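Peer 1: Below you'll find the structure I mean.
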Amino acid sequence: MSPLNITKGATSHSAYDLRDPNAPVIETHTLAVVVDNESGVLARVIGLFSGRGYNIESLTVAEVDHTAHQSRITVVTTGTPQVIEQIKAQLARMVPVHEVHDLTVEGPAVQRELALFKVAGKGDARIEALRLAEIFRANVVDSTLESFVFEMTGTPEKIDAFADLMRPLGLREIARTGVAALSRGA
Amino acid sequence: MTRQMTGADMVVQALKDQGVDVVFGYPGGAVLPIYDAIFQQNDIRHILVRHEQGAIHMAEGYARSTGKVGVALVTSGPGATNAVTGLTDALLDSIPLVVLTGQVPTFMIGTDAFQEADTVGITRPCTKHNWLVKETDKLSETIHQAFHVARSGRPGPVLIDIPKDVQFATGEYCAPVKAKVSHYQPRVKGDIDAITALVEMMETAERPVFYTGGGVINSGVAASQLLREFVEATGFPITSTLMGLGAYPASGKAWLGMLGMHGLYEANLAMYGCDLMINIGARFDDRITGRIADFSPNSRKVHVDIDPSSINKVIRVDVGIVGDVGHVLEDALRIWKARGRKVNKAGLAKWWAQIAEWRAVKCLSYKNSSSVIKPQYALERLEVLTKGMDRYITTEVGQHQMWAAQYLGFEAPNRWMTSGGLGTMGYGLPASIGVQVAHPDSLVINVAGEASWLMNMQEMGTAMQFRAPVKQFILNNERLGMVRQWQELLHGERYSQSWSESLPDFVKLAEAFGCKGIQVSDPKDLDDAIMEMIRYDGPFIFDCRVEKHENCFPMIPSGKPHNEMLLGDADTQGVIKAAGAVLV
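In order, the protein sequence lines correspond to chains F and S. Every letter in the first sequence is one number past the one before it in our numbering, and letter 159, counting from 1, is 159. Take the position in the second sequence, starting the count at 1, then add 186; the result is the number in our numbering.
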């Protein structure tokens, strides 16, 4: 069994990891951006991040208000406090952006991500994978005699942990949705 | 009452309803219906350019000199891609433009059709916002929204991509008052507590300085008036960026001159030594700050800007005020007066004495010559001979641009059009035509370098066709002067590709276009030639042969702070280290 080697915020999955290694404190923030669901709006937001050299750790988007044609983009980003402030200001001034919330500083928030894991194996490894899935409250959504597809919802850290456990047990593929987040309370 | 009309007619109607009187453009297959609609009316004048980049720069010159939104119309594909440089230029200098592009019909989008380009994709990062209109019913409202976005908040260029079938189809016209614009309403009033904090700092500051920028010009003439009143009432010194020249008059006694990389000694040292920096509508651009770590180390800083993302982007400030310059100045002036018009008189007297010492250095002095025309001398004479005239100046980009900013004086806003943020060679000639179209009876001079000028010289045809008597004052050193200067300072005097070979004969070129040209190389002939240019009724190309190896000073070398300026050639040996050499 490989040890759990997970430090909060230590891993980077960014497609645009342009951080200065000598920069001061790097923080991870989860931003919720409410935008008009118009054509090209996601390209606009992504273009802002790539064009100005900001990081995207995770990004999810879907329409949340069909009548108002509004989508919610949840983006997890990293940077120095000054860069985080810049990202928020740059997002807020875009024409189709209605609201920008920094869920990391606006009080407690819940973060969840959905992931699917395809694990192939036989014998003890297969039994061990199923046992661990139960411990992690992952559901089996597909099964053959040689494989499972597990579905799990949780924090990105929990999904990382489960992936690490599955790797020696025959992990073949992972699909992750990226983080969706809401502030706690009313 | 609903009004049905074609998309093409809607474009013309919406432009009229937005108060547009002139459009700069170039036709092509995907905008033919709009050109047909333009043909059948007389309210909107169309200026036919020679290249789409010229159309955008003309619209910029028009907008910058009038305070109105500039409008350009180009076709799909190459028409749109040729507009990209101008759009980026307008974005960086916050110039309000509405650019209309034709697009292939909606049913052909994505098929690599003839003259198809992903225009909204290409222009997304170089516009404030853009739209692809797929339904004729939405076209007129989108145009009204575009004007609103272009002129609201921090102004900027917007683009509307209109497929050809949308132009042909019939839909319902939406009047400007009915267009939904409520969601995009940037804040114009500044926070009163923050403004009060600024006033409190102003009351006690010993060494204050106003550092103003293009935001004052964009805010409107009233903002410049308020700024002048505030400066006179407080007696604080004032400097400005390249983009802000004219907001405070160059003849005003508190004027320190332009600051920055080629700014004046007294302006830059005042920025370095001040204890209170009041940034009004400027953005701490890298041409201004020099080395960030040593930027004005002992001052408290206040930043007024309509764009929240400008505040703390480069320089961390003590007080940030988000709002329109005019509104914030009005509130600040009112609060300052209500609190008793206090300033630190003793501190200010010492500060002005210090500034007088810096002024005594006379950083703009240069070694004149009786045999060759020094570029500085040419501009000094141009200034003397055109001062007091109803004059507008545009420039290209390079040494001549910096010398123009140093040696010409601007007494009013909207009189100085230059490419500041993007540094677009080829801007000045078309911009001068745009200015002249807006001000047909004024004297419009483009101060140019020969290399920049050649980049868009085809627009002389536009000037001739539309009888725009623009004066092209070309400081011809047969060099890319600024590139040459940097190669001398940074690259061991290896002048790689920085000279202008095979130049045209500018006098014959003028004749070929049907206008007048003159070549001057003797300083004695300069005044008469300038007067001839001014008096000539029509476009004029002035080939002013100047000293070939003159460097532009003062200069803050890359990677250096304000207090390490170079004042002349003697100071330049080995000043830029490797770390500075990687900067631009």
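The beta carbon of each residue, even a glycine, is placed where N, CA and C say it ideally should be. The structure presented is a predicted model; accordingly, all values stated were derived computationally and were not measured.
1) Just verifying my parser: in three-state terms, what is the DSSP assignment at threonine 177 of chain F?
2) Report the rounded CA-to-CA distance for alanine 624 of chain S versus isoleucine 73 of chain F, giving the unit in angstroms.
3) Counting only Cβ pairs nearer than 7 angstroms, list the residues of chain S close to arginine 72 of chain F.
4) Hey, would you say alanine 186 of chain F sits closer than 8 angstroms to leucine 103 of chain F, going by beta carbons?
5) Who are glutamate 113 of chain F's beta bridge partners in DSSP?
6) What are the residues that DSSP puts in a beta bridge with asparagine 530 of chain S?
7) Tell me which residues share the same chain as valine 197 of chain S and place their Cβ nearer than 6 angstroms to its Cβ, disregarding the 5 neighbours each side in the sequence.
8) Could you check whether the Cβ of aspartate 203 of chain S sits closer than 8 angstroms to any Cβ belonging to chain F?
9) Is there a C-beta anywhere in chain F that falls below 8 angstroms from the one on isoleucine 494 of chain S?
10) When the Cα of alanine 617 of chain S is compared with those of S:Met646, S:Ala361, S:Gln411, which residue comes out closest?
11) Within 8 angstroms of any Cβ in chain S, is that where the Cβ of serine 39 of chain F sits?
12) Whose Cβ in chain S lies nearer than 7 angstroms to the Cβ of glycine 47 of chain F?
13) Hey, could you find the ends of the beta strand (DSSP E) methionine 616 of chain S is sitting in?
14) Is proline 21 of chain F helix, strand or coil by DSSP?
15) Strictly under 8 angstroms for the Cβ-Cβ distance: is arginine 93 of chain F near chain S by that measure?
16) Pull up the distance between the alpha-carbon of proline 394 of chain S and that of cysteine 460 of chain S, whole angstroms please.
17) Using beta carbons (cut-off 8 angstroms, strictly below), is alanine 32 of chain F in contact with chain S?
18) How about leucine 345 of chain S: is its C-beta nearer than 8 angstroms to some C-beta of chain F?
19) Which residues in the same chain have their Cβ closer than 7 angstroms to the Cβ of proline 21 of chain F, if we skip the five residues on either side of it in sequence?
20) Determine the chain F residues that contact asparagine 498 of chain S at a beta-carbon separation under 7 angstroms, and present them in chain order.
21) Under 8 angstroms between beta-carbons, which chain F residues line up against tyrosine 370 of chain S? List them in chain order, please.
22) What residues of chain S sit near glutamine 187 of chain F, judged by a beta carbon separation below 7 angstroms?
23) Decide if aspartate 279 of chain S is buried, meaning its Cβ has at least 16 other Cβ atoms within 10 Å, or exposed.
24) Let me know the secondary structure DSSP gives valine 770 of chain S once reduced to three states.
25) Let's see if you can read the secondary structure: which residues bound the alpha helix (DSSP H) around lysine 350 of chain S?
26) Would you say valine 260 of chain S reaches chain F, if we count a Cβ-Cβ gap shorter than 8 angstroms as a contact?
27) Ends of the beta strand (DSSP E) at glycine 79 of chain F?
28) Give me the chain S residues within the contact set of histidine 199 of chain F, using Cβ-Cβ distance strictly less than 9 angstroms, ordered along the chain.
29) Taking 8 angstroms as the CB-CB limit, is histidine 13 of chain F close to chain S?
30) According to the neighbour-count rule (16 or more other Cβ atoms, all chains shown, within 10 Å of its Cβ), is serine 410 of chain S buried or exposed?
31) Can you find the residues in the same chain that come closer than 6 angstroms, C-beta to C-beta, to glutamate 452 of chain S, ignoring five residues on each side of it along the sequence?
32) Since methionine 444 of chain S and leucine 431 of chain S should fall inside the 8 angstroms C-beta cutoff, what is the C-beta to C-beta distance between them, to a whole number of angstroms?
33) Quick one: does histidine 489 of chain S have its CB under 8 angstroms from some CB of chain F?
34) Buried or exposed for glycine 247 of chain S, please, with buried defined as at least 16 other CB atoms from any protein chain shown within 10 angstroms of its CB.
35) Is the CB-CB distance between leucine 666 of chain S and glycine 584 of chain S below 8 angstroms?
36) Excluding five sequence neighbours on each side, which residues of the same chain lie with their C-beta closer than 8 angstroms to the C-beta of aspartate 222 of chain S?
Peer 2: With the given structure in hand:
1) strand
2) 44 angstroms
3) Chain S residues near arginine 72 of chain F: none, gap ~16 angstroms exceeds 7 angstroms.
4) no
5) F:Gly154, F:Val179
6) Looking at the DSSP assignment, asparagine 530 of chain S forms no beta bridge with any residue, so it has no partner.
7) Ile220
8) no
9) Note on identity: in this sequence residue 494 of chain S is proline, with isoleucine being the wrong assignment. Closer than 8 angstroms: yes.
10) S:Met646
11) yes
12) Arg310, Pro311
13) The sequence given here places proline at residue 616 of chain S; methionine does not occur at that position. Segment 614–624 is the alpha helix (DSSP H) holding proline 616 of chain S; no beta strand (DSSP E) there.
14) Low per-residue confidence applies at proline 21 of chain F: pLDDT is 47, beneath 50, and the placement is therefore not dependable, though the value from the model is reported in the following sentence. Correct three-state label for proline 21 of chain F: coil.
15) yes
16) 6 angstroms
17) no
18) no
19) At proline 21 of chain F the pLDDT is 47, less than 50, meaning the model places this residue with poor confidence; the figure from the coordinates comes in the next sentence. The answer is none, since no qualifying residue turns up.
20) Gln82, Glu85
21) Val95
22) Residue 187 of chain F cannot be examined here, being either before or after the span of chain F that is shown, 1 to 186.
23) buried
24) coil
25) 350–354
26) no
27) 70–79
28) In the structure as shown, chain F starts at 1 and stops at 186, and residue 199 of chain F therefore has no counterpart that could be examined.
29) Low confidence applies to histidine 13 of chain F: its pLDDT is 39, below 50, so where it sits in the model is not reliable, and the reading given next is rough at best. So no, histidine 13 of chain F is outside the interface.
30) buried
31) Leu442, Ile541, Trp544, Arg545
32) 6 angstroms
33) no
34) buried
35) yes
36) Ala194
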